[in-house]
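K.L.:
Numbering follows the UniProt record's numbering, in which position 183 of the sequence shown is assigned residue number 183; successive positions increment by one, without gaps. Dropping the structure in here first, questions after.
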Amino acid sequence: MLSVEAVSKTFGGVQALRQASLSCASGEILGLIGPNGAGKSTLVNAISGVLKPDAGSIRLADQELTGRGPEHCARAGIARTFQNIRLFKELTVRQNVEVAHITCRDVRPDAAGRIDIDALLEQYELGSAADAPAGTLSYGNQRRLEIARALALGPSLLLLDEPAAGLNESESETLAEAIEAIRRDFGCAIIVIDHDLRFINRLCDRLCVMDQGQVIASGDTVEVWRDPRVIEVYVGQSQPS
């Protein structure tokens with residue numbers, strides 16, 4: 001579904017991405033991990049069109065998306081959440097979801113026909129708050145609303161940037177179950193960035209590890225955690241069980 005080949009990006013002489021490559025298949029959950037500053041969010045920003053790469057190629061199925069911009073990428077079927085929550089806080093919970101669904105109806109009507117906004121809100125425990133301004137929700141509910149809004153786009157690829165940030169263990173477990181339900185119900189490819197390694201290992205089919213703008217390892221969970229380069233990057237941190 002997604003193919004990223006040798007993507008590079010420099011900011012004012014600092015190389016944020018160095019020929020980074022990854023792939024993600026339909027129905028696969030890929031964990032994108034690495035220390036702070038490794039380039040994870042920069043890579044996701046390039047995939048979603050927020051940043052234009054200096055070099056490399058980004059393709060979604062048969063569509064070339066390199067440097068096309070976020071609106072084009074959204075129309076192609078890429079939906080995302082952000083490390084720092086970005087909701088339309090003055091709009092109601094329902095209106096936030098409807099904004100994405102309107103776009104989906106315009107450009108992907110077949111996908112839009114399979115989306116029930118009321119069911120989405122109930123699935124993410126937001127039905128009772130449907131008419132409340134999004135800015136009045138608790139932090140956890142705002143996280144859930146971001147995911148529900150992304151799903152209203154009917155995505156082929158869903159990018160989740162630190163969805164478990166600020167959640168306790170029980171909430172993280174509930175979130176993992178919700179993401180697995182997305183895979184089951186939507187069949188989309190999913191890429192998850194998070195620093196909670198237990199959450200990542202419990203959820204993901206494969207891991208992609210970045211350091212200093214490069215992808216240093218990729219593979220199944222057991223294989224990746226045995227890689228000497230990954231061990232070196234995470235030295236001093238507890239190995240997840």
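Ideal Cβ placement from N, Cα and C applies to all residues, glycine included.
Identify, in the order they occur along the chain, each residue of the same chain with its Cβ nearer than 8 Å to the Cβ of V230, setting aside the five sequence neighbours on each side.
P.N.:
Answer for V230: V209, I216, A217 and V224, listed in chain order.
K.L.:
Considering only residues of the stretch 122–194, which uninterrupted alpha helix (DSSP H) runs meet the minimum length of 4 residues and lie entirely inside it, listed in chain order?
P.N.:
Counting whole runs of 4 or more residues, the stretch 122–194 contains the alpha helix (DSSP H) stretches 139–151 and 169–186.
K.L.:
With a 10 Å radius around its C-beta and 16 neighbouring C-beta atoms as the bar for buried, classify P109 as buried or exposed.
P.N.:
So P109 ends up on the exposed side.
K.L.:
Kindly indicate the opening and closing residues of the alpha helix (DSSP H) around T42.
P.N.:
Counting along the chain, the alpha helix (DSSP H) containing T42 begins and ends at K40 to I47.
K.L.:
Is DSSP giving R86 helix, strand or coil here?
P.N.:
Here R86 sits in coil by DSSP.
K.L.:
Excluding five sequence neighbours on each side, which residues of the same chain lie with their C-beta closer than 6 Å to the C-beta of L160?
P.N.:
T81 and V192.
K.L.:
What separation, rounded to the nearest whole angstrom, lies between the Cα atoms of Q212 and K9?
P.N.:
Computed Cα separation, rounded: 12 Å.
K.L.:
Can you list, in chain order, the residues of its chain whose CB lies under 6 Å from that of Q239, leaving out five sequence neighbours each side?
P.N.:
In this predicted model, Q239 has a pLDDT of only 49, less than 50, meaning its place in the structure is not dependable; the value taken from the coordinates is given anyway. Result list for Q239: empty, nothing under 6 Å.
K.L.:
Could you tell me if N84 is buried or exposed, where buried requires 16 or more neighbouring beta carbons within 10 angstroms of its beta carbon?
P.N.:
Flag for N84 reads exposed.
K.L.:
To the nearest angstrom, how far is it from the Cα of E162 to the Cα of D194?
P.N.:
Rounded to whole angstroms, E162 to D194 spans 4 Å at the Cα level.
K.L.:
In angstroms with no decimal places, state the Cα-to-Cα distance between S3 and L151.
P.N.:
Going by the C-alpha atoms only, they are around 21 Å apart.
K.L.:
When DSSP labels each residue in this structure, what does E114 get in the three-state scheme?
P.N.:
Note that residue 114 is Arg in the sequence shown, not Glu. Of the three classes helix, strand and coil, the one that applies to R114 here is coil, per DSSP.
K.L.:
Count the CB pairs spanning the stretch 133–153 and the stretch 88–104 that are closer than 8 Å, and state whether there are at least three.
P.N.:
Yes, since at least three Cβ pairs between the stretch 133–153 and the stretch 88–104 fall closer than 8 Å, the two stretches touch.
K.L.:
Can G31 and L207 be called in contact, C-beta distance under 7 Å?
P.N.:
In contact: G31 and L207 (Cβ atoms closer than 7 Å).
K.L.:
Going by CA-CA distance only, name the one from A76, V97 and A61 that's closest to R86.
P.N.:
Looking at the Cα atoms, V97 is the closest of the given residues.
K.L.:
May I ask you to report which of helix, strand or coil DSSP gives R226?
P.N.:
Here R226 sits in coil by DSSP.
K.L.:
Starting from D62, trace the alpha helix (DSSP H) in both directions and tell me its first and last residue.
P.N.:
Segment: none, D62 is in no alpha helix (DSSP H) and carries neither H nor E.
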